[in-house]
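Enquirer:
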Amino acid sequence: MKKFKLEKEYARMKISQYLREVQNYSGRSLRNVEVFLNGKQVRTTKKLPSGGILKVVEKKKGTDIEPIDLNIEVAYEDNDILVVNKTPFLLTHPTQKKAEFTLANGIVHYFLEKYGEKLVPRFYNRLDMNTSGLIIITKNSFSQAFLQNISSIEKKYTAIVEGIVQEEGKIIIEKPIYKNGEQLQRTVDPRGQYAKTAVKVIKKKKKKNVTLVECELFTGRTHQIRVHLKSIGHPIVGDELYGSGTDKEKGIKRQFLHAYRIKFTQPSKNEEIEVEIPIFKDMEDFLEAEK
Numbered sequence: 000m001k002k003f004k005l006e007k008e009y010a011r012m013k014i015s016q017y018l019r020e021v022q023n024y025s026g027r028s029l030r031n032v033e034v035f036l037n038g039k040q041v042r043t044t045k046k047l048p049s050g051g052i053l054k055v056v057e058k059k060k061g062t063d064i065e066p067i068d069l070n071i072e073v074a075y076e077d078n079d080i081l082v083v084n085k086t087p088f089l090l091t092h093p094t095q096k097k098a099e100f101t102l103a104n105g106i107v108h109y110f111l112e113k114y115g116e117k118l119v120p121r122f123y124n125r126l127d128m129n130t131s132g133l134i135i136i137t138k139n140s141f142s143q144a145f146l147q148n149i150s151s152i153e154k155k156y157t158a159i160v161e162g163i164v165q166e167e168g169k170i171i172i173e174k175p176i177y178k179n180g181e182q183l184q185r186t187v188d189p190r191g192q193y194a195k196t197a198v199k200v201i202k203k204k205k206k207k208n209v210t211l212v213e214c215e216l217f218t219g220r221t222h223q224i225r226v227h228l229k230s231i232g233h234p235i236v237g238d239e240l241y242g243s244g245t246d247k248e249k250g251i252k253r254q255f256l257h258a259y260r261i262k263f264t265q266p267s268k269n270e271e272i273e274v275e276i277p278i279f280k281d282m283e284d285f286l287e288a289e290k
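At position 192 of the sequence shown (counting the first as 1) the number is 191 in numbering that gives the first Met the number 0, and the numbers step up by one without a gap.
1) With contact counted as at least three CB pairs below 8 Å, one residue from each stretch, are the segment 32-51 and the segment 7-17 in contact?
2) Which word fits Arg30, buried or exposed, when buried means at least 16 other C-beta atoms lie within 10 angstroms of its C-beta?
3) For Ser131, name the three-state secondary structure that DSSP assigns.
4) What does the alpha-carbon distance come out to for the pair Pro66 and Val107?
5) State the Cα-Cα distance for the pair Val291 and Lys205, rounded to the nearest angstrom.
6) Do the CB positions of Glu166 and Pro234 come within less than 8 Å of each other?
7) Who pairs with Leu53 in a beta bridge, going by DSSP?
8) Flag this pair as yes or no: are the beta carbons of Val274 and Leu133 separated by less than 8 Å?
9) Strictly by DSSP, which residues pair up with Ile172?
10) Buried or exposed: Val73, going by 16 or more other Cβ atoms within 10 Å of its Cβ?
11) Rank Pro277, Ile251 and Glu270 by C-alpha distance to the C-alpha of Ala288 and give the top, closest one.
12) Evaluate Asn104 with the Cβ neighbour count: other Cβ atoms within 10 Å of its Cβ, from every protein chain shown; 16 or more gives buried, anything less gives exposed.
13) In chain order, which continuous runs of the beta strand (DSSP E) of length 3 or greater are located wholly inside the segment 241-265?
14) Would you call the CB atoms of Thr101 and Leu126 closer than 8 Å?
15) Mind the definition here: the segment 211-221 touches the segment 184-197 only if three or more C-beta pairs lie below 8 Å; say whether that holds.
16) Counting Cβ pairs closer than 8 Å, one from the segment 74-86 and one from the segment 259-273, do we hit at least three?
17) What is the DSSP secondary structure of Val226, reduced to helix, strand or coil?
18) If you draw a straight line from the alpha carbon of Thr62 to that of Phe263, how long is it in whole angstroms?
19) In three-state DSSP terms, what is Leu146?
20) Across which residues does DSSP place Glu215 in a beta bridge pair?
21) Out of curiosity, what's the CA-to-CA distance linking Thr94 and Phe279?
22) How far does the alpha helix (DSSP H) with Arg30 in it reach, from first residue to last?
23) Who are Ile272's beta bridge partners in DSSP?
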């Protein structure tokens, strides 16, 4: 539920217009709300008076996703947003092949425990199954629309890549990414969609012949970081699709990619929120191991 104190300048404006243009609701999110003007339920086509209180109540949307206790690690939470640290080897959302033991199952359980209802998990971003790190879940359609249409989102990752990256400073990769038919693997190809990634060296481990880098996404193409790092000759360590694959004897059980930092605007308060978590333990252990 959200309350808005009406100002005189918006008098005679339709409620729907006010909510879209002033309070940043999307047309889609307005289909799922009830509005109350000074305590009385009204239609969104009604025009606003010169003052008063407008209350917007979102109709709760259930889900048939089964709740499963996955001991979710919460990195940040408020009334609109939940940010969690996804572990590797975990799908974000159910698929036709796998309907249980996904992050979505864990979020439904978390909401059930917190609110007593099976609420739909609205994912703003997703991560590949073997990528770890921060994922944003919005708690209502208003927040979902706000992040998608209004807020700028800054997403940064750490990755361990094959070889020693010699370039100093920030490396900007602007190469189109293309999906050929039903193939899972993407390629850099002029026929693809525009994609931009910034890469910066954090640490070089010459004995292991690997480099820890930071990657910042400016676009959100599938496999973007993995494809772009391969394109400069430094695929991610453990990447089965774009690199040399796993090596359990060396502690490489997955692609070493971790979403460690995210920055966004809080939908209701319009404040900048920054969430940062450490590198995932398996990546840290690999870097610190002598062999």
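Every residue, glycine too, gets a C-beta built ideally from N, C-alpha and C.
For clarity, every value in this text was computed on a predicted model and none was experimentally measured.
Expert: So, to answer that:
1) Taking 8 Å as the limit for Cβ pairs, the verdict is that the segment 7-17 does touch the segment 32-51.
2) Along the sequence shown, read from residue 1 onward, the residue named residue 30 stands at position 31. With fewer than 16 Cβ atoms within 10 Å of its Cβ, Arg30 is classed as exposed.
3) What you label residue 131 is simply residue 132 of the sequence shown in a count that begins at 1. Reduced to three states, the DSSP call for Ser131 is strand.
4) Sequence index remark: in the sequence shown, residue 66 carries index 67 (1-based). Sequence index remark: in the sequence shown, residue 107 carries index 108 (1-based). Pro66 and Val107 have their C-alpha atoms some 5 Å from each other.
5) Since the first and last residues shown for the chain are 0 and 290, residue 291 lies out of range.
6) By 1-based counting over the sequence shown, the position of residue 166 is 167. By 1-based counting over the sequence shown, the position of residue 234 is 235. No, these two residues do not count as a Cβ contact at 8 Å.
7) Along the sequence shown, one-based indexing puts residue 53 at 54. Phe3 and Leu36, per the DSSP bridge assignment.
8) As a first step, residue 274 is located in the sequence shown; it is residue number 275 there, counting from the start. As a first step, residue 133 is located in the sequence shown; it is residue number 134 there, counting from the start. Contact check for Val274 against Leu133 passes: the beta carbons are separated by less than 8 Å.
9) For the purposes of this step, residue 172 is taken as residue 173 along the sequence shown, with counting starting at 1. Ile172 pairs with Thr196.
10) As a working mapping, residue 73 is identified with position 74 in the sequence shown. Only exposed fits Val73, as fewer than 16 other CB atoms lie within 10 angstroms of its CB.
11) Your numbering for residue 288 matches position 289 in the sequence shown. Selected option, being the one with the closest Cα: Ile251.
12) Translated into positions along the sequence shown, residue 104 becomes position 105. Asn104 comes out buried.
13) Runs found: 256-264.
14) Sequence index remark: in the sequence shown, residue 101 carries index 102 (1-based). Sequence index remark: in the sequence shown, residue 126 carries index 127 (1-based). Judged by beta-carbon spacing, Leu126 lies beyond the 8 Å limit of Thr101, meaning their Cβ atoms are not closer than that value.
15) A contact exists between the segment 211-221 and the segment 184-197.
16) Yes: the two stretches touch, three or more of their Cβ pairs being nearer than 8 Å.
17) Against the sequence shown, residue 226 aligns to sequence position 227. The answer is helix: DSSP assigns Val226 an H, G or I state.
18) What you label residue 62 is simply residue 63 of the sequence shown in a count that begins at 1. What you label residue 263 is simply residue 264 of the sequence shown in a count that begins at 1. Whole-angstrom Cα-Cα distance: 27 Å.
19) On the sequence shown, residue 146 is found 147 positions in, with the first residue counted as 1. Of the three classes helix, strand and coil, the one that applies to Leu146 here is helix, per DSSP.
20) The sequence position of residue 215 within the sequence shown is 216, counting from 1. Per DSSP, Lys155 and Ala197.
21) For the purposes of this step, residue 94 is taken as residue 95 along the sequence shown, with counting starting at 1. For the purposes of this step, residue 279 is taken as residue 280 along the sequence shown, with counting starting at 1. The straight-line gap from Cα to Cα measures roughly 25 Å.
22) Working through the sequence shown from its first residue, we reach residue 30 at position 31. For Arg30, no alpha helix (DSSP H) segment is defined, and its DSSP state is neither H nor E.
23) Position 273 of the sequence shown, counted from the start, is the residue given in the question as residue 272. The bridge partners DSSP lists for Ile272 are Phe263.
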